[in-house]
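Novice:
2 protein chains.
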Amino acid sequence: MKKTTFAAAAFLVAGTATIAATPAQQKANEAAFDASVSADDQLGWLKTMSSAPNQVGSPHDRENAEFLLARYREFGWDAHIETFQILYPTPISTLVEMVTPQHVVLGGQEPPVPGDATSSNTAGALPPYVAYQGDGDVTAPLVYVNYGMPDDYDALARLGVDVKGKIVIARYGVGWRGLKPKLAQEHGAAGCIIFSDPEDDGYHDGDAYPKGGARPPQGVQRGSVLDMPITPGDPLTPGIGATADAKRLTRATAPTILKIPVLPMSYGDAAKLLAGLDGPIAPRTWQGGLPFTYHAGGGRAVKVHLAVRSDWSLKPIHDVIAMLPGVQADQWVIRGNHHDAWVFGANDPLSGNVAMLSEAKALGNLWKQGWRPQRTIVYASWDGEEPGLLGSTEWAEAHADEIRRKGVIYINSDTNGRGSLDAAGSHDWQHLVNSVAADVIDPETGASAAARARAKLLERAYQGRLARDDPQYIAAEAGADLPLAALGSGSDYTAFLQHLGLPALNLGYGGEDESGGVYHSAYDSFDHETRFDDPGQKYGAALSKTVGRIVLRIADSDTPPQRFGDFAAAVGRYLGEIIKLADSRREGDRLREKMIREDAFRIASDPLHPMLPPPAVMRTPHVELAVLEDSVDRLKASAAGYDAAYADRSSSLTPAQRARLNAMLRDIDQLLMNPAGLPFRPWFQNMVYAPGRFTGYGAKTLPGVREAVEERRFADAIAFAKTIAAALDAYSDRLDAAKALVEGK
Amino acid sequence: MKKTTFAAAAFLVAGTATIAATPAQQKANEAAFDASVSADDQLGWLKTMSSAPNQVGSPHDRENAEFLLARYREFGWDAHIETFQILYPTPISTLVEMVTPQHVVLGGQEPPVPGDATSSNTAGALPPYVAYQGDGDVTAPLVYVNYGMPDDYDALARLGVDVKGKIVIARYGVGWRGLKPKLAQEHGAAGCIIFSDPEDDGYHDGDAYPKGGARPPQGVQRGSVLDMPITPGDPLTPGIGATADAKRLTRATAPTILKIPVLPMSYGDAAKLLAGLDGPIAPRTWQGGLPFTYHAGGGRAVKVHLAVRSDWSLKPIHDVIAMLPGVQADQWVIRGNHHDAWVFGANDPLSGNVAMLSEAKALGNLWKQGWRPQRTIVYASWDGEEPGLLGSTEWAEAHADEIRRKGVIYINSDTNGRGSLDAAGSHDWQHLVNSVAADVIDPETGASAAARARAKLLERAYQGRLARDDPQYIAAEAGADLPLAALGSGSDYTAFLQHLGLPALNLGYGGEDESGGVYHSAYDSFDHETRFDDPGQKYGAALSKTVGRIVLRIADSDTPPQRFGDFAAAVGRYLGEIIKLADSRREGDRLREKMIREDAFRIASDPLHPMLPPPAVMRTPHVELAVLEDSVDRLKASAAGYDAAYADRSSSLTPAQRARLNAMLRDIDQLLMNPAGLPFRPWFQNMVYAPGRFTGYGAKTLPGVREAVEERRFADAIAFAKTIAAALDAYSDRLDAAKALVEGK
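Residue numbers (this note's numbering), protein chains in the order written: chain U, 336 to 1080; chain Y, 336 to 1080.
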């Protein structure tokens, strides 16, 4: 520890203080915090933790948990390991081979590459596979389904290609991995292969590893295909913690486990299958980066044998939970990042995990110097994120009542790397994130993280890759706060935000790293990380300083620094998008009807490459959203009223008023939860933010209405508009009451 | 000839009539015309004409001219061959080889492919080359310049890569071929290679030839790199006919011949060079269809030896000119298609040439049955189009005065194939083209050509590939006349439209053919044409029926069927585009200034893959276009006034009035010519339609203003707005006078 830190300690808030830090004290705390953040620490921890395969159930996964536990304790935290028992299938055998036109065995473990030390150390790794596929042994003709998304099946139908009884091969991208076999299964496919097309994360992004960082021909993306848009977490204990004695479903009755066998594949292997496909030429946008013509297949030209057998026993997962008790012990600021990986996981997730560990060390140092946070700080290193957000979901479910009662916010990170700050989350925290980004210096350019994020957006617009009416461009151009992206799913914030109603943030640097090229492969290694993703972990340190500031500013605030006007504006923007969406779909429906009536689909079709007309569907009506528009208007007014009142009168609040105000606001997001959940997925209760049913990770805001319009469930859309409106009205009521309180009424 | 034709002959207009055909007579003539059009004829002629290489100067080029002459005479036309003497360089030796990192000889003639009979008959063909490159022998490092367009050089500068003294390799596409070496030369490059990237016309469009019709790895696109945006035609006789005794420039003083050596290349060869390039990774949009990472090069990794030596002697070209004299002999309806090719040219140009020959036979049959056209019909089969629009340009220059005095319209075709009707040209003829398209039946779907073109546009919009505010979509959706595309250059209409001020049309079917995959290669053969482009020449027959109707309806009209409101609307649309363009560039300039001021380009740049800021340039001002806006308003009013008056009063015109009216309108487009020409290219005089200086083929409408805005010559923009306004005012004056005449005032 450097001397300056000791000097700064003079400004630390006394541990017994019951009022928040002054701006000067806050600044001194942050300087002291920064002084404890060491990129070298992170590099050392990273090397240790990524030295062996550390997937769920592996010895090194357990060792990493113990390593983390020891560090938290060493840093002065009250830490323990919490273990859950999960149905986690591991492959006993995986087989994929071409049987027609000739016999070629494909698949298997990724080979060592020169210069990547751990790539020759995969004895303890699982072979490339996807978790929660259905096991099976099938031989069938192959059909190429592009990204395997709903509109791809619509296009296949227009080409006259059916996947029933076939094995489909889909490329990674556009939608979440797990939707590809799920949709294949729903369309009657017997099996599914998912491959990494070089157009999407291969040589057209950069030189292949190890020359550069992009995906090499033999790199495979592992992953989960658990049906997480229904429920993440242990598939046998939906909604409850997977403790040893929990009541469990059976594998056969678990709704989130697929029924067909699925394997992932490298593009080196996929090229051998795709090159020989027959059937219609695939549409132009389906042509990928491989050097031949992609056909849709479905005939007898290429037949594949696909077989997967798994060990379906329960395995333990080890969450590391660490606390620094606050003056207000029942107010929890929760911060997490997972520690399990698919193989070595140097970037995903360990780059984020060691940044979090740096924060813990820095906070521990503050603690040791006498600082005591106003609110309790909970740091969680989750296990089992990769197979299904297991560790965070089970912990959230097991402690649901306490989290609902005490949780202030959940702050997540995951992968991290060179580049600019990406921030997503609950929009009332948007200004806080922007303020912090203005105070953190980008390690390579010397500009602030905020300035860098804005400059990147301006450059994209300058190059014509970002529209001038995009809210991000408008904000960047004006030098205003950049909008947070909305959270869908894909990391450990899910259970907190979407099941329990805590606000959440997800933060990470990236965009100049090359981790995408080794994502979920055996080459996501210490060597790749330190050559291509964050040499010297400089951006790891930047992440620590960013998240550390957010934690400190929330934990030590009088009242957590929210701005409800930003939330109201975001909801207004989302409602506007849905109205536009409905209009545009109505126009598309009208055009389809006209074209069917006039036989224009047939007339437009090339008789030698025919495209069938799409099926006739009900035209999108004008959807009654006025009740929701009114509620959004009211929300905007109430939010503006509260924000102004708080800015004006905050300093005159008595401690009792302050306590009542904080209690009012702490759980305000829980008003946005629908106890009945979203259609088809009761576990997801947040009516503003959700992952899409057909995007998987990607957010669908106001999902009850938006997805109903997309899926032509127009009665649902109208009903949900009312339900959301009522929730927003309750939210406005709460803000109005908070305003009255602040104004002393 | 079928019996029905003889029956229809009863309705033929008597040859001595001085008034035009009635609608019933016109219809009968068209039916008789159709009956003479034979796809089998076309197939037979095509087989003969494409049986041997027929480039300029070859024996078979001469034989084809003689063959055509004999056919026209056989069909009853007054035909002759008109010969010009052209500086046409043919390669004595072409050499391209990689010398670093290893020695690999590239280039040479395309090899035979199975199933393509003529591909083994290339003894009389020239090796792959481009005409009018500069000859030379250079060895230098290679730089990849994407499409080699101006913005590609801007991007290279931001990457810090200089092409001075280097050999550049550009891919075909985006801009016209000849601009690539011209811009390379202007940037100081020592040589230029142009290759066919498979992303642009290779395997991602369809299976490679001969399995499918797309470009095979060894296919090379030949072509001209004459600086045609300055002047097409013989480079030694700009502006005058290249007769034997014409006064000639020398090769050294000819402004349109390049100074550096250039060769075209297949992607099979280009892959060997590109795979090894060093330097920065090329931008994402520069990555093509080859299976590796494209780098910009410029270092020592890849060095190339490029050498070309040519025979620069004069060669003869043979235009075949055929006439059917009209009752009004001094009114010429001119129709052309070239007959020379790069090798066999079954699709380009013979598919169009044999369709034209069918028209000539059908018109000859009408003539033999006693029909006499009201106006003289001139059919021209041009030679030397490929190297530089030689035959049409020299003929137009040699007969300029007569064409200006007699020409009513020039109607062109070139390649043709399966698909829908593409029509471009002078917009007062838009309604005529649409009316004809409504009367011609698509041979594969049974719909009219007009319905098919509309259905294709609706399908594109339905698939999200055509914007709902595109004028084409708006017209298709409304069932209205589809807008003609504006003519730039790239075929034989150029001299007529842009040098002499005749209105012009260019017509062809396509979009479902695969001729793009063999364009300008030795595989553009009879076998490719009959397998992939127009099996049975059914679309050849459709083209004959389309153009034949246009010729008949113009030749036999009282007054040629123009609608000036369509022209005025098009000019108004183009002016609107320019105003938007200036606004958008001003906004881009403002953003660039702000980003330079705030150092945002540097801050946005990835320090490991740096992008330099663009240079500061003068901000686009508000350009004074009000005078032009007023003229366009007046043009719209005058056009509407004339169109309405003519529709109302046409039937009451006396023969003398009719003659005066026709004289007024025949040369009205010549009012749009600027005798001083366009900036930097006095040969191009049309102030409404021109090929772009930096597009080569693609049209730039109102070029004097549009290109001035694009090229930041703002004073030119203002000056040209006035010049165009004056021309449009003169056009309006003429229409007003015509209206007064029609109204008997």
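Every residue, glycine too, gets a C-beta built ideally from N, C-alpha and C.
What residue from GLY611/U, PHE831/U, LEU1070/U, TRP702/U has the CA that sits closest to GLY661/U's CA?
Specialist: With distances taken between Cα atoms, GLY661/U lies closest to TRP702/U.
Novice: Measuring straight from C-alpha to C-alpha, what distance separates SER755/Y and THR566/Y?
Specialist: Approximately 32 Å between the Cα atoms of the pair.
Novice: Answer yes or no: do ILE744/U and LEU817/U have a C-beta to C-beta separation smaller than 9 Å?
Specialist: No.
Novice: If we cut at 9 Å on Cβ distances, does ALA363/U have a partner in chain C?
Specialist: Absent here is chain C; the protein component of the structure consists of chains U and Y.
Novice: Is the number of C-beta pairs between the segment 486-504 of chain Y and the segment 808-826 of chain Y that are closer than 8 Å three or more?
Specialist: Result no; under three Cβ-Cβ pairs closer than 8 Å.
Novice: In chain Y, which residues lie less than 7 Å from MET930/U when you measure between Cβ atoms?
Specialist: Here the neighbours are LEU793, TYR797.
Novice: Can you pull the chain U neighbours of ALA786/Y, defined as C-beta to C-beta under 7 Å?
Specialist: Per Cβ cutoff of 7 Å: ILE938.
Novice: Taking its Cβ as the centre, do 16 or more other Cβ atoms sit within 10 Å of MET691/U, making it buried, or is it exposed?
Specialist: Counting Cβ neighbours within 10 Å, MET691/U comes out buried, since at least 16 surround it.
Novice: In the DSSP assignment, the beta strand (DSSP E) including SER716/U goes from what residue to what residue?
Specialist: Taken as a continuous stretch (DSSP letters only), the beta strand (DSSP E) holding SER716/U covers 710-717.
Novice: Which same chain residues, not among the five before or five after SER455/U, have their C-beta less than 8 Å away from its C-beta?
Specialist: Within the same chain, SER455/U has close Cβ partners PRO447.
Novice: If you measure between the beta carbons of ALA810/Y and ARG789/Y, is that distance less than 9 Å?
Specialist: Contact: yes.
Novice: How many angstroms separate the CA atom of ARG710/Y from the CA atom of LYS873/Y?
Specialist: Approximately 29 Å between the Cα atoms of the pair.
Novice: Should MET946/Y be flagged as near chain U, meaning a C-beta pair shorter than 9 Å?
Specialist: Yes, MET946/Y lies at the interface with chain U (some Cβ there is under 9 Å from its Cβ).
Novice: Distance, Cα to Cα, GLY760/U vs PRO838/U?
Specialist: Taking the straight line joining both Cα atoms gives about 7 Å.
Novice: With burial defined as no fewer than 16 other Cβ atoms inside 10 Å of the residue's Cβ, what is the status of ILE738/U: buried or exposed?
Specialist: Result: buried.
Novice: Say whether chain Y places a C-beta atom closer than 9 Å to the C-beta of ILE616/U.
Specialist: True, the Cβ-Cβ gap to chain Y drops below 9 Å.
Novice: Hey, PHE902/U and ALA974/U are a contact pair by Cβ (cut 8 Å); roughly how many whole angstroms apart?
Specialist: Indeed they touch by this definition, with Cβ atoms about 7 Å apart.
Novice: For GLU779/U, go through chain Y and note every residue whose CB falls closer than 9 Å to its CB, in chain order.
Specialist: In chain order: ASP941, PRO942, LEU943.
Novice: Ordered along the chain, which non-local residues of its own chain (more than five positions away) have a Cβ less than 7 Å from that of MET953/Y?
Specialist: ARG1047, listed in sequence order.
Novice: Taking the alpha helix (DSSP H) that PRO533/U belongs to, which residues open and close that run?
Specialist: Taken as a continuous stretch (DSSP letters only), the alpha helix (DSSP H) holding PRO533/U covers 533-536.
Novice: Can you find a CB in chain U that lies within less than 9 Å of the CB of GLN360/Y?
Specialist: No - not a single Cβ of chain U is within 9 Å of the one on GLN360/Y.
Novice: Please name the residue or residues paired with GLN420/Y in a DSSP beta bridge.
Specialist: Answer is PRO651/Y.
Novice: Could you check whether the Cβ of THR628/U sits closer than 9 Å to any Cβ belonging to chain Y?
Specialist: Chain Y contact via Cβ: present.
Novice: Residues in the segment 511-543 of chain U with C-beta within 8 Å of chain Y's C-beta atoms, listed in sequence order?
Specialist: Going along the segment 511-543 of chain U in chain order, one finds PRO533, TYR538, HIS539, ASP540, GLY541, ASP542, ALA543 with a Cβ nearer than 8 Å to chain Y.
Novice: Using C-beta distances below 7 Å, list every residue in its chain close to ALA890/U, excluding the 5 sequence neighbours before and after it, in chain order.
Specialist: These residues qualify, in order along the chain: GLY661, VAL668, PRO708, GLN709, ARG710, ILE712.
Novice: Nearest-angstrom Cα distance between ASP675/U and SER716/U?
Specialist: In a straight line, the C-alpha of ASP675/U is about 9 Å away from that of SER716/U.
Novice: If you draw a straight line from the C-alpha of GLY513/Y to the C-alpha of GLN833/U, how long is it?
Specialist: C-alpha separation (whole angstroms): 59 Å.
Novice: Can at least three beta-carbon pairs, one atom from the segment 907-925 of chain U and one from the segment 721-732 of chain U, be found at a separation below 8 Å?
Specialist: Segments in contact, no.
Novice: Kindly indicate which residue of GLY526/U, SER860/U, ALA784/U, ILE746/U has the alpha-carbon position closest to the one of SER1083/U.
Specialist: The displayed coordinates of chain U run from 336 to 1080. Any statement about residue 1083/U would go beyond what the structure contains.
Novice: Where do the ends of the alpha helix (DSSP H) carrying VAL1040/U lie?
Specialist: Note, VAL1040/U: alpha helix (DSSP H), 1038-1045.
Novice: Could you name each continuous alpha helix (DSSP H) segment of 4 residues or more that falls completely within the segment 576-610 of chain Y, going from the start of the chain to the end?
Specialist: Counting whole runs of 4 or more residues, the segment 576-610 of chain Y contains the alpha helix (DSSP H) stretches 602-609.
Novice: Please list the segments of the beta strand (DSSP E) lying wholly inside the segment 350-426 of chain Y, counting only runs of 3 or more residues, in order along the chain.
Specialist: Runs of the beta strand (DSSP E) inside the segment 350-426 of chain Y: 413-422.
Novice: Counting C-beta neighbours from all protein chains within 10 Å, is the total for GLY699/Y 16 or more, i.e. buried, or is it exposed?
Specialist: By the neighbour-count rule (16 or more Cβ atoms within 10 Å), GLY699/Y is buried.
Novice: Output the residue ranges of the beta strand (DSSP E) runs that lie fully inside the segment 842-894 of chain U and measure 3 residues or longer, sorted by chain position.
Specialist: Runs of the beta strand (DSSP E) inside the segment 842-894 of chain U: none found.
Novice: Closer than 8 Å, Cβ to Cβ, to anything on chain Y: give me those residues from the segment 592-626 of chain U, in chain order.
Specialist: From the segment 592-626 of chain U, only ILE616, ARG619, GLN622, GLY624, LEU625, PRO626 have a Cβ closer than 8 Å to chain Y.
Novice: Using 8 Å as the threshold, is the segment 647-666 of chain U in touch with the segment 610-630 of chain U, meaning 3 or more CB pairs across them?
Specialist: Because the criterion of three Cβ pairs below 8 Å is not met, the segment 647-666 of chain U and the segment 610-630 of chain U do not touch.
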